[in-house]
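Engineer:
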Amino acid sequence: MTTTRRDFIKTSGYLVVGVAAIANADPFVGLVDAQAAGPYIDPDFRQLDSWIVIREDNTATFFVGKTDLGQGTGTAFRQIMADELDMPYARTSCVMGSTDVTVDQGGSGGSDALQTDGWPMRRVAAEARRVLLDLASARLGVPVAQLAVADGVVTVASDPSRRVTYGELIGGRKFNVTLKGNNTDQTTGAAQLKTVQQLKIVGQSPQRYDIPPKVDGSLKWAVDAKVPGMLHARNVRPPVAGATLVSIDESSVKGVPGFVKVVSKGNYVAVVCEREEQAIQAARQLKVNWRNPATAPFPSSEDLFRYMRQATPTAAGNPTVVGNPDAAFGSAARVVEADYEVPFQGHVSIGPAHAMADPSNDQLTIYSNDMKSYGLRNGVAQFVQMPRERVRVLWMEGPQAYGRTAADDAGFEAAYLAKELGRPVRVQWTRQEETAWDTKGPAFTVKMRGGLDAQGNLVALDFEARAADHNHLGYNEPDTVLISQLMGTRRATPARGGAATPSEMYAIPNRRTTAHVVGLPLVWETPLRTGNLRDPNGPQVTFASESFIDELAAAAKADPVDFRLKLLTASTTDDSGFKRARSIACIRTAAEKYGWTPRPSPSARGTGEVLTGRGIAYTFRSQTVVAQIAEVEVNRRTGRVWVKRLVCAHDCGLVINPEGLKRTVEGGMMYALSRALHEEVTFDTEKVTSVDWGSYPTLTHADTPESIEVVIVNGDPNQNRPDLPHYGAGETVCKPLFAAVANAIYDATGVRLRRLPFRNARVLAALKAAGVSST
Amino acid sequence: MANFTLRVNGRTHTVDVDPATPLLYVLRNDLDLHGPRFGCGLGQCGACTVLIKGEAVRSCIRPMSAVAGADITTLEGLATGGKLHPLQQAWIDEQVPQCGFCQNGQILTAKALLDRTPNPTDAQIRQGMSGTLCRCMTYYRVQAAIKRAAKAMASARQQDHEVIA
Numbered sequence: 024m025t026t027t028r029r030d031f032i033k034t035s036g037y038l039v040v041g042v043a044a045i046a047n048a049d050p051f052v053g054l055v056d057a058q059a060a061g062p063y064i065d066p067d068f069r070q071l072d073s074w075i076v077i078r079e080d081n082t083a084t085f086f087v088g089k090t091d092l093g094q095g096t097g098t099a100f101r102q103i104m105a106d107e108l109d110m111p112y113a114r115t116s117c118v119m120g121s122t123d124v125t126v127d128q129g130g131s132g133g134s135d136a137l138q139t140d141g142w143p144m145r146r147v148a149a150e151a152r153r154v155l156l157d158l159a160s161a162r163l164g165v166p167v168a169q170l171a172v173a174d175g176v177v178t179v180a181s182d183p184s185r186r187v188t189y190g191e192l193i194g195g196r197k198f199n200v201t202l203k204g205n206n207t208d209q210t211t212g213a214a215q216l217k218t219v220q221q222l223k224i225v226g227q228s229p230q231r232y233d234i235p236p237k238v239d240g241s242l243k244w245a246v247d248a249k250v251p252g253m254l255h256a257r258n259v260r261p262p263v264a265g266a267t268l269v270s271i272d273e274s275s276v277k278g279v280p281g282f283v284k285v286v287s288k289g290n291y292v293a294v295v296c297e298r299e300e301q302a303i304q305a306a307r308q309l310k311v312n313w314r315n316p317a318t319a320p321f322p323s324s325e326d327l328f329r330y331m332r333q334a335t336p337t338a339a340g341n342p343t344v345v346g347n348p349d350a351a352f353g354s355a356a357r358v359v360e361a362d363y364e365v366p367f368q369g370h371v372s373i374g375p376a377h378a379m380a381d382p383s384n385d386q387l388t389i390y391s392n393d394m395k396s397y398g399l400r401n402g403v404a405q406f407v408q409m410p411r412e413r414v415r416v417l418w419m420e421g422p423q424a425y426g427r428t429a430a431d432d433a434g435f436e437a438a439y440l441a442k443e444l445g446r447p448v449r450v451q452w453t454r455q456e457e458t459a460w461d462t463k464g465p466a467f468t469v470k471m472r473g474g475l476d477a478q479g480n481l482v483a484l485d486f487e488a489r490a491a492d493h494n495h496l497g498y499n500e501p502d503t504v505l506i507s508q509l510m511g512t513r514r515a516t517p518a519r520g521g522a523a524t525p526s527e528m529y530a531i532p533n534r535r536t537t538a539h540v541v542g543l544p545l546v547w548e549t550p551l552r553t554g555n556l557r558d559p560n561g562p563q564v565t566f567a568s569e570s571f572i573d574e575l576a577a578a579a580k581a582d583p584v585d586f587r588l589k590l591l592t593a594s595t596t597d598d599s600g601f602k603r604a605r606s607i608a609c610i611r612t613a614a615e616k617y618g619w620t621p622r623p624s625p626s627a628r629g630t631g632e633v634l635t636g637r638g639i640a641y642t643f644r645s646q647t648v649v650a651q652i653a654e655v656e657v658n659r660r661t662g663r664v665w666v667k668r669l670v671c672a673h674d675c676g677l678v679i680n681p682e683g684l685k686r687t688v689e690g691g692m693m694y695a696l697s698r699a700l701h702e703e704v705t706f707d708t709e710k711v712t713s714v715d716w717g718s719y720p721t722l723t724h725a726d727t728p729e730s731i732e733v734v735i736v737n738g739d740p741n742q743n744r745p746d747l748p749h750y751g752a753g754e755t756v757c758k759p760l761f762a763a764v765a766n767a768i769y770d771a772t773g774v775r776l777r778r779l780p781f782r783n784a785r786v787l788a789a790l791k792a793a794g795v796s797s798t
Numbered sequence: 004m005a006n007f008t009l010r011v012n013g014r015t016h017t018v019d020v021d022p023a024t025p026l027l028y029v030l031r032n033d034l035d036l037h038g039p040r041f042g043c044g045l046g047q048c049g050a051c052t053v054l055i056k057g058e059a060v061r062s063c064i065r066p067m068s069a070v071a072g073a074d075i076t077t078l079e080g081l082a083t084g085g086k087l088h089p090l091q092q093a094w095i096d097e098q099v100p101q102c103g104f105c106q107n108g109q110i111l112t113a114k115a116l117l118d119r120t121p122n123p124t125d126a127q128i129r130q131g132m133s134g135t136l137c138r139c140m141t142y143y144r145v146q147a148a149i150k151r152a153a154k155a156m157a158s159a160r161q162q163d164h165e166v167i168a
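Same order as they appear, the protein sequences are chains W and U.
Here the first sequence is numbered in the working numbering, starting from 24 and rising by one per residue.
Here the second sequence is numbered in the working numbering, starting from 4 and rising by one per residue.
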């Protein structure tokens, strides 16, 4: 038999009850079930038993402190741990993210699941194998060196009939092995890791175990969390950003059937009812008197970039200077300048924020899809002033929002309301509330300047960015989530925010790189609060930097691929993690896969209604390198851009699950394509006006490329190195796509678009201005 | 409040709710189903989709008063006799979902599409599915899975035909 999570779910309902089922099977583990009263003691990362349980039936369950946001990381964790342990993949399962049963590995974010957290997972699995071999040696009476192990069965190498299973050795008992390491990331035992060549399950593509219950309807998601006596809450938001609550007329909802209570503190208002549709009705019906702020909270979205350019930075960047840029610009044969603009873009989850909190037994259990469940637990404990060990978060699957739940507003709200009412409360945000009030990816303006010598060599580059990222939201801090801001909590110093700089390995002798942060007038309680949106700043920055490299290539009348390769091969120094070598490998691979014919852009423009072009862009994130080529069709009559073909060369080192990686890369590119073509948060000087899927359009089936090709690259100079690292995947591919599309549009039309998104009207206006439109 | 009788996935249920209550909340909160999910409450995204008389219906904007006595199929009811529907199998074979939250709407909208148009062209798939949103943007794989399922269903029909013949 196998004990996949699907079986847990099928046999026992909630995943967390599945955990309890393990506890029941293995009471020694000391796990708690969904009804347990606590206290909720942190699993000790220095105890092997906190990570791995092996049962008498020779199955293993891994407990990891990460969450799977739909990229199949849980499947990958099982692969790497099963491989080090020498267990068949099918005899393993994985429990993730619930704070009382898994060690705190921080939850998910930063595409670091395999790059960072994969290592302690491998080491503890290897340590378990080492301990089991010691036990087998004692049991079978032969030295470890004379034992063989495969599929959870230890045999005497010279006499395979003498055998013992892991389950027979340890099943039903604890390892009681203490591990070393100052923190979770460093956790290790005494065992050596396997070499890449010894790994067998790594590199295969077992199907994701979470997909069958997602397509047959059996999975219980965080939205399905339900306990007896549970109430339903809806928030009532200020109609104007920065408005102050004056009064609430409770009599306006007293007649709503099932009405329980209006809860308000500061500018936070919620209604609570017995049934969900009653809470919806009460929230619509509640009469609240608000006072508008004395000054406008922000400029309108049409005025945003002008505002950002003239604003005094809240954090002025210190320029990073290489060589002597001023002198180089002074002697350059040609200087090219361009400004790029990226608007605020929302996380805009397909499922608005939600959570359920149960205050039974004088504790607080939060059922949540928070990617960072551990931070939510700590933040909520402080926010509602309860001891940490009385609070826990049970992680369940949820709609993906790529960074949104780093500030899990609904989790805090559910906790607060449950504590106020003394009953379990489920909070569900509306679509309009989510689209208007979720966290936003920061808007950027970037000024680029490049100097070419007479031979067309890039001799100087100046990058200066401004990001509207003041008071960037952190990770479930109890004094920065929306409910806390609305209640009037103010930090003495708002978070500084950030503005990233380009990630490429180009050898350019003279450079200046500066990144400023600017703020909007309303700092707190604003629907334009910024958060980490799928590589927080990379797509915006790379749009500018990789579009501009293409502009320089065009100015030098050079092929865009050749121009980049020349900049990469100009030097062999500064090659941390072989990133330069891997950059070259990715660009060459992408060009080869696409069938790239060298020539400068733009192409010789056709005369038909539809113009075709190709564009390349490349970048890295941490150690992961990608190059992408987009082929576009631009309709000269309508302005519609269709990305017909996408090619991505992707080097993230050792690949655990190639098919899973390909889908993650496809999804990331499509997500970035949606942002490139459609997405923009709009607002007037009072409120956000993009509030649903009509006013905040995204990519649809109709936009889907005809072909997406993902090529996995291993550009390491020693391709067979036994210690090839597994780098991260996910966010990197979101970075270069805006520029790849912009470069392709330029190639097709000769028109350079420097402002996102490339909606039909904007493209058509640019084509008309350049005399390229057919209308 | 009023009593309504519904037939959902072959079973009959009676609920006592306000006639204006959207079907979605009855399915989720009274019948404890979790295939249909709340995405927008505006009929824009498709996460709440159910099948009524073969049509893909957005249950978040369909009041109970309009579905009294209806025969409803949710994602949970798509498999028959313990065997996944070819669409569900294709979704697994293609490894379609990322987070999976919207896939209820993708699968059931595809079901209605294939029932209407058993061998759709690429353009018909794009058109037929264009109002069903995915925030993980898995459209490329969804479309591949629909084509895979259409082939499997055509092949099954062919076999049935041969058996009868």
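Beta carbons are placed, not taken as given, at the ideal position from N, Cα and C, and that holds for glycine.
Going along the chain, which unbroken runs of the alpha helix (DSSP H) with 4 or more residues stay wholly within the region 77 to 142 of chain U?
Structural biologist: Counting whole runs of 4 or more residues, the region 77 to 142 of chain U contains the alpha helix (DSSP H) stretches 89 to 96, 106 to 119 and 125 to 132.
Engineer: Using a cut-off of 8 Å between C-beta atoms, extract the partners of His16 (chain U) located in chain W.
Structural biologist: Stepping through the second sequence from its first residue, residue 16 (chain U) is reached at position 13. By Cβ distance, chain W contributes nothing, its closest Cβ being about 16 Å from His16 (chain U), past 8 Å.
Engineer: Can you tell me where the beta strand (DSSP E) holding Lys470 (chain W) begins and where it ends?
Structural biologist: Locating residue 470 (chain W) in the first sequence gives position 447, where the first residue counts as 1. Note, Lys470 (chain W): beta strand (DSSP E), Phe467 to Leu475.
Engineer: Using the rule of at least 16 other Cβ atoms within 10 Å of the residue's Cβ for burial, across every protein chain shown, is Gln162 (chain U) buried or exposed?
Structural biologist: Taking the second sequence and counting its residues from 1, one reaches residue 162 (chain U) at position 159. Exposed: under 16 other Cβ atoms inside 10 Å.
Engineer: Could you confirm whether any beta carbon from chain U is found closer than 8 Å to the beta carbon of Gly120 (chain W)?
Structural biologist: Looking up residue 120 (chain W) in the first sequence gives position 97. It does not: the Cβ of Gly120 (chain W) has no partner Cβ on chain U nearer than 8 Å.
Engineer: Under 8 Å, Cβ to Cβ, is there at least one residue of chain U near Tyr750 (chain W)?
Structural biologist: The residue you call residue 750 (chain W) lines up with position 727 of the first sequence. No, no contact with chain U.
Engineer: Shorter than 8 Å from the beta carbon of Arg129 (chain U) to some beta carbon of chain W?
Structural biologist: Locating residue 129 (chain U) in the second sequence gives position 126, counting from the first residue. Yes - at least one Cβ of chain W is within 8 Å of the one on Arg129 (chain U).
Engineer: Does any residue of chain W have a CB that is nearer than 8 Å to the CB of Ala157 (chain U)?
Structural biologist: One-based indexing of the second sequence puts residue 157 (chain U) at position 154. Output row for Ala157 (chain U): interface = no.
Engineer: Can you give the Cα-Cα distance for Val403 (chain W) and Asp385 (chain W), rounded to whole angstroms?
Structural biologist: As a working note, residue 403 (chain W) is residue 380 in the first sequence. As a working note, residue 385 (chain W) is residue 362 in the first sequence. Cα to Cα, Val403 (chain W) sits roughly 15 Å from Asp385 (chain W).
Engineer: Look up Leu54 (chain U) in the DSSP assignment and give the residues it is bridged to.
Structural biologist: As a first step, residue 54 (chain U) must be located in the second sequence, where it is residue number 51. For Leu54 (chain U), which the question treats as bridged, DSSP gives the partners U:Ala59 and U:Thr76.
Engineer: Is the region 669 to 687 of chain W in contact with the region 216 to 233 of chain W, if contact means three or more CB pairs nearer than 8 Å?
Structural biologist: The region 669 to 687 of chain W vs the region 216 to 233 of chain W: in contact.
Engineer: Can you tell which of W:Glu656, W:Phe406, W:Gln408 and W:Gly398 has its C-alpha closest to the C-alpha of Leu417 (chain W)?
Structural biologist: As a working note, residue 417 (chain W) is residue 394 in the first sequence. Leu417 (chain W) has its Cα closest to that of W:Gly398, out of W:Glu656, W:Phe406, W:Gln408 and W:Gly398.
Engineer: Please list the residues of the region 48 to 76 of chain U that have a C-beta atom closer than 8 Å to any C-beta atom in chain W, keeping them in chain order.
Structural biologist: Cβ contacts with chain W: Cys48 and Ala50.
Engineer: Run through the DSSP bridge pairs and tell me what Thr201 (chain W) is partnered with.
Structural biologist: Here the question's residue 201 (chain W) lines up with position 178 in the first sequence. According to DSSP, Thr201 (chain W) bridges with W:Gln70.
Engineer: Short of 6 Å in beta carbon distance, which residues of its chain neighbour Cys139 (chain U), apart from the five on each side in sequence? Order them along the chain.
Structural biologist: Working through the second sequence from its first residue, we reach residue 139 (chain U) at position 136. Answer for Cys139 (chain U): Gln101 and Cys102, listed in chain order.
Engineer: Are any of the Cβ atoms in chain W nearer than 8 Å to that of Phe104 (chain U)?
Structural biologist: Translated into the one-based positions of the second sequence, residue 104 (chain U) becomes position 101. With 8 Å as the cut-off, Phe104 (chain U) counts as an interface residue toward chain W.
Engineer: So Val172 (chain W) and Leu158 (chain W) are supposed to be a Cβ contact under 8 Å. How far apart are they, rounded?
Structural biologist: As a position in the first sequence, residue 172 (chain W) is number 149, starting the count at 1. As a position in the first sequence, residue 158 (chain W) is number 135, starting the count at 1. Not confirmed; about 12 Å, so no contact.
Engineer: By how many angstroms is the C-alpha of Leu543 (chain W) removed from the C-alpha of Ala522 (chain W)?
Structural biologist: Counted from its first residue, the first sequence places residue 522 (chain W) at position 499. Counted from its first residue, the first sequence places residue 543 (chain W) at position 520. Near 15 Å, if we compare the C-alpha coordinates of Leu543 (chain W) and Ala522 (chain W).
Engineer: Are the region 253 to 262 of chain W and the region 303 to 323 of chain W touching, with three or more C-beta to C-beta distances below 8 Å?
Structural biologist: Short answer: they touch.
Engineer: Roughly how many angstroms lie between the CA atoms of Leu387 (chain W) and Asn743 (chain W), to the nearest whole one?
Structural biologist: What you label residue 387 (chain W) is simply residue 364 of the first sequence in a count that begins at 1. What you label residue 743 (chain W) is simply residue 720 of the first sequence in a count that begins at 1. Looking at the two C-alpha atoms, the distance is approximately 50 Å.
Engineer: Quick check on the burial criterion: 16 or more other C-beta atoms within 10 angstroms. Buried or exposed for Gln98 (chain U)?
Structural biologist: The count along the second sequence starts at 1 and reaches residue 98 (chain U) at position 95. Gln98 (chain U) is buried by the Cβ-count criterion.
Engineer: Within the continuous alpha helix (DSSP H) that includes Asp674 (chain W), where are the two ends?
Structural biologist: Within the first sequence, the letter at position 651 stands for residue 674 (chain W). Here Asp674 (chain W) belongs to no alpha helix (DSSP H); instead the beta strand (DSSP E) covers Val664 to Asp674.
Engineer: May I ask which residues mark the beginning and end of the alpha helix (DSSP H) holding Leu417 (chain W)?
Structural biologist: Translated into the one-based positions of the first sequence, residue 417 (chain W) becomes position 394. Element bounds for Leu417 (chain W): not the alpha helix (DSSP H) but the beta strand (DSSP E), Val414 to Trp418.
Engineer: Identify, in the order they occur along the chain, each residue of the same chain with its Cβ nearer than 6 Å to the Cβ of Glu364 (chain W), setting aside the five sequence neighbours on each side.
Structural biologist: Counted from its first residue, the first sequence places residue 364 (chain W) at position 341. Once the five neighbours on either side are set aside, the close Cβ partners of Glu364 (chain W) are Phe328, Thr468 and Arg778.
Engineer: Buried or exposed: which applies to Ala350 (chain W), given that a residue is buried once 16 or more other Cβ atoms fall within 10 Å of its Cβ?
Structural biologist: One-based indexing of the first sequence puts residue 350 (chain W) at position 327. So Ala350 (chain W) counts as exposed.
Engineer: So with Cβ pairs under 8 Å, would you call Thr124 (chain U) a contact of chain W?
Structural biologist: For the purposes of this step, residue 124 (chain U) is taken as the residue at position 121 of the second sequence. Chain W contact via Cβ: absent.
Engineer: Classify Phe360 (chain W) as helix, strand or coil using the three-state DSSP reduction.
Structural biologist: Counting from one through the first sequence, the residue named residue 360 (chain W) turns up at place 337. According to the sequence as given, residue 360 (chain W) is Glu; it is not Phe. The answer is strand: DSSP assigns Glu360 (chain W) an E or B state.
Engineer: Any beta carbon from chain W within less than 8 Å of Gly84 (chain U)'s own beta carbon?
Structural biologist: In the second sequence, residue 84 (chain U) corresponds to position 81, counting from 1. So no, Gly84 (chain U) is outside the interface.
Engineer: In the structure shown, what three-state DSSP assignment does Ala788 (chain W) receive?
Structural biologist: Within the first sequence, numbered from 1, the residue matching residue 788 (chain W) stands at position 765. Here Ala788 (chain W) sits in helix by DSSP.
Engineer: So, at 7 Å on beta carbons, what are the nonlocal neighbours of Thr125 (chain W) in its own chain, with the 5 sequence-adjacent residues on each side left out?
Structural biologist: Here residue 125 (chain W) refers to the residue found at position 102 when the first sequence is read from its first residue. So the list reads Pro66, Phe86, Val87, Gly88, Val118 and Met119, once near-sequence residues are dropped.
Engineer: Could you name the residues of chain W that Asp21 (chain U) contacts, counting a contact when the two beta carbons are closer than 9 Å?
Structural biologist: Translated into the one-based positions of the second sequence, residue 21 (chain U) becomes position 18. Residues of chain W passing the Cβ test: Pro280, Arg298, Glu300, Gln301 and Gln304.
Engineer: Could you name the residues of the same chain whose beta carbon sits closer than 6 Å to that of Asp74 (chain U), not counting the 5 residues immediately before and after it, in chain order?
Structural biologist: Position 71 of the second sequence, counted from the first residue, corresponds to residue 74 (chain U). Correct list, in chain order: Arg10.
Engineer: Does Arg40 (chain U) get closer than 8 Å to chain W when you measure Cβ to Cβ?
Structural biologist: The sequence position of residue 40 (chain U) within the second sequence is 37, counting from 1. Chain W contact via Cβ: present.
Engineer: How many Å lie between Phe435 (chain W) and Val504 (chain W) at the Cα?
Structural biologist: For the purposes of this step, residue 435 (chain W) is identified with residue 412 of the first sequence, where counting begins at 1. For the purposes of this step, residue 504 (chain W) is identified with residue 481 of the first sequence, where counting begins at 1. Looking at the two C-alpha atoms, the distance is approximately 8 Å.
Engineer: Can you give the beta carbon distance from Met419 (chain W) to Ala245 (chain W), rounded, assuming they're within the 8 Å contact cut?
Structural biologist: What you label residue 419 (chain W) is simply residue 396 of the first sequence in a count that begins at 1. What you label residue 245 (chain W) is simply residue 222 of the first sequence in a count that begins at 1. About 4 Å; that satisfies the 8 Å criterion.
Engineer: Specify the secondary structure class of Glu79 (chain W) as computed by DSSP and reduced to three states.
Structural biologist: Stepping through the first sequence from its first residue, residue 79 (chain W) is reached at position 56. In the structure shown, Glu79 (chain W) sits in coil (DSSP, three-state: anything other than H, G, I, E or B).
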